[in-house]
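Asker:
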Amino acid sequence: MKQQQNGCRHRRGTKNWIYADKGGELATVGKHQKPLTELEIELSRAKRELAEVKMERDFIKKCATYFAKESR
């Protein structure tokens, strides 16, 4: 049920973009946002890398637990 709700929400978001494009409003989307500084870009990259390393760590923990149980 939740996946259906998310899918429906995604379609509505897509429709909003289509209507904005047809109305000529799409060119102004994001114009009010300030450009990212190098520090913000580096922070974003570091956060992505940290998330990836955490996923790898969790996977290794699960593997170690699995093989520890198997070797008994």
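Numbering (numbering that gives the first Met the number 0), first residue to last: 0 to 71. The C-beta atom is built at its ideal place from N, Cα and C for all residues, glycine as well.
(1) S43 to F66, Cα distance in whole Å?
(2) Beta-carbon of G22 versus every beta-carbon of chain C: anything under 7 Å?
(3) Cutting at 8 Å between CB atoms, please list the residues of its own chain near L25, excluding the five before and the five after it.
(4) Tell me the DSSP secondary structure of K33 in three-state form.
Answerer: Taking the geometry as given:
(1) Going by the C-alpha atoms only, they are around 35 Å apart.
(2) Reference to chain C is not applicable here, since this structure consists of a single protein chain.
(3) The beta carbon of L25 sits closer than 8 Å to the beta carbons of W16, A19 from its chain, once the five residues preceding and following it are set aside; these are given in chain order.
(4) Taken through DSSP and simplified to helix, strand or coil, K33 comes out as coil.
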